[in-house]
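Under UniProt numbering, the residue at position 96 of the sequence shown is numbered 96, and the numbers go up by one with no gaps.
Glycine included, each C-beta is placed from N, C-alpha and C at the ideal position.
In this text, all values refer to a predicted model and were calculated from it rather than measured experimentally.
In what follows, a structure is listed as structure tokens, so that the remarks can point back to it.
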Amino acid sequence: MLLGTYPAKFASGHRVSIPSQFRKELGVSCILARWYEGCLVLVGEDYWNALYKRLTGERSLIVNPVRDTERFILASAYEVIPDEQGRIVIPERLAVYSGITQDLYFIGLGEKAEIWDKITWEAKEKEVVKDAAGYIEELAKKNE
Numbered sequence: 001m002l003l004g005t006y007p008a009k010f011a012s013g014h015r016v017s018i019p020s021q022f023r024k025e026l027g028v029s030c031i032l033a034r035w036y037e038g039c040l041v042l043v044g045e046d047y048w049n050a051l052y053k054r055l056t057g058e059r060s061l062i063v064n065p066v067r068d069t070e071r072f073i074l075a076s077a078y079e080v081i082p083d084e085q086g087r088i089v090i091p092e093r094l095a096v097y098s099g100i101t102q103d104l105y106f107i108g109l110g111e112k113a114e115i116w117d118k119i120t121w122e123a124k125e126k127e128v129v130k131d132a133a134g135y136i137e138e139l140a141k142k143n144e
């Protein structure tokens, strides 16, 4: 399971080292794609295949929001294979989308990791912490 928050930095050529705690869980080949709220998502092949099946279900041919979600995620996806030091290259297009120029965070969220620009994540984390109690109450009411 991918858990925790890990700071990292771009090395030359948009190279970044995946936290060692994540490497075994993600496997030999990972998928890196644009995600929501300006971050990137990094997942192993099994999670990606399950996500792909959900996105490309029967309704994807006729429902525009589903097609646009496919376009948003699938069109930005790259297969990345970490080198011996666990480094991957974040393509320029994804670095620009996420606003990552140097400092970043890997955020473990169970089966997926989000990759955030440092400043953007720190602002988002403050927002999440501030609103957490309300979110938990909302979820609890829905699950009653």
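For Ile115 against Leu40, the beta-carbon gap comes to about 4 Å, under 8 Å, which counts as contact. The segment 15 to 23 makes no contact with the segment 65 to 78: fewer than 3 CB pairs, one atom from each, lie closer than 8 Å. If you look at Gly134, you'll find it in the alpha helix (DSSP H) that goes Lys118 to Lys142. Below 8 Å, too few C-beta pairs join the segment 4 to 14 and the segment 27 to 40 to call them touching: fewer than three. Judged by their CB atoms, Tyr97 and Gly57 are not nearer to each other than the 9 Å cut-off.
DSSP lists no bridge partner for Val63. Looking from the CA of Phe22, the closest CA among Asn143, Glu138 and Leu3 belongs to Leu3. By a beta-carbon distance limit of 8 Å, Leu26 does not contact Leu51. Their separation comes to about 14 Å.
The secondary-structure analysis by DSSP pairs Phe106 across a beta bridge with Tyr6 and Ile115.
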